[in-house]
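A.B. asks: Below you will find the structure I want to go over with you.
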Amino acid sequence: MSTKPIPQSAQRDRVRKTVPALVEYTEGVVYGDLWERTDLSKRDRSLVTVAALVATYRPEQLSVHIGRALDNGVTQEEIAGLITHLAFYAGWPAAMSGAQVATEVFEKREG
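Each residue of the sequence shown is one higher than the one before, starting from 101 at the first, in our numbering.
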C-alpha cells in the first residue's frame with residue numbers, strides 16, 4: 101500500500117460507521133494501490149474515471165472525480181469535450197446529467 105495521503109472525503113467519512121470495510125478498501129486498495137500505479141498518469145486515470153462515471157450515470161461520485169481531475173491537470177474544456185463525446189457513445193441523458201454535475205463543480209470552483 102502507498103504511503104501517499106488519501107484524498108479526504110466527507111462522503112466516505114459519513115458512511116465509515118455503516119460500511120467500514122468498504123471505506124478501508126476504498127482508501128487502501130483504490131487510493132492506496134490503484135491510483136498510485138505508474139502505468140497511467142493520475143491525469144489519465146482521472147479522464148478514464150470521469151468517463152466511466154458519466155457513462156454509467158454515477159452523479160454522486162462524479163462531482164468528486166471531476167474535482168480530482170481538475171486537480172490532476174485536466175482542463176474544464178477537456179471535461180466538456182469528454183462529456184460531449186460520450187453523448188454519442190453512452191447516451192444523451194447520461195451526458196446531460198454529467199454536464200449538470202460538471203457545471204456545478206466548475207461554478208463552485210470559480211466561486
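Every residue gets a Cβ at the ideal spot worked out from N, C-alpha and C, and that includes glycine.
Treat the numbers as computed from the prediction; the structure is a model and nothing was measured.
Alpha carbon to alpha carbon, what distance is there between residue 157 and residue 191?
C.D. replies: Rounded to the nearest angstrom, the two C-alpha atoms are 10 Å apart.
A.B. asks: Hey, how far is the Cα of residue 210 from the Cα of residue 173?
C.D. replies: One C-alpha to the other measures close to 16 Å.
A.B. asks: Note down the Cα distance separating residue 108 from residue 141, rounded to an integer number of angstroms.
C.D. replies: About 20 Å.
A.B. asks: Determine the direct distance from the alpha carbon of residue 145 to that of residue 177, and round the result to whole angstroms.
C.D. replies: Rounded to whole angstroms, residue 177 to residue 145 spans 17 Å at the Cα level.
A.B. asks: Output yes or no for whether 9 Å exceeds the beta carbon distance between residue 154 and residue 186.
C.D. replies: In contact: residue 154 and residue 186 (Cβ atoms closer than 9 Å).
A.B. asks: If you run the structure through DSSP and keep just helix, strand and coil, what is residue 200?
C.D. replies: In the structure shown, residue 200 sits in a helix (DSSP, three-state: H, G or I).
A.B. asks: What alpha helix (DSSP H) runs, 4 residues minimum, are completely inside the stretch 102-149?
C.D. replies: 110-115, 120-125, all fully within the stretch 102-149.
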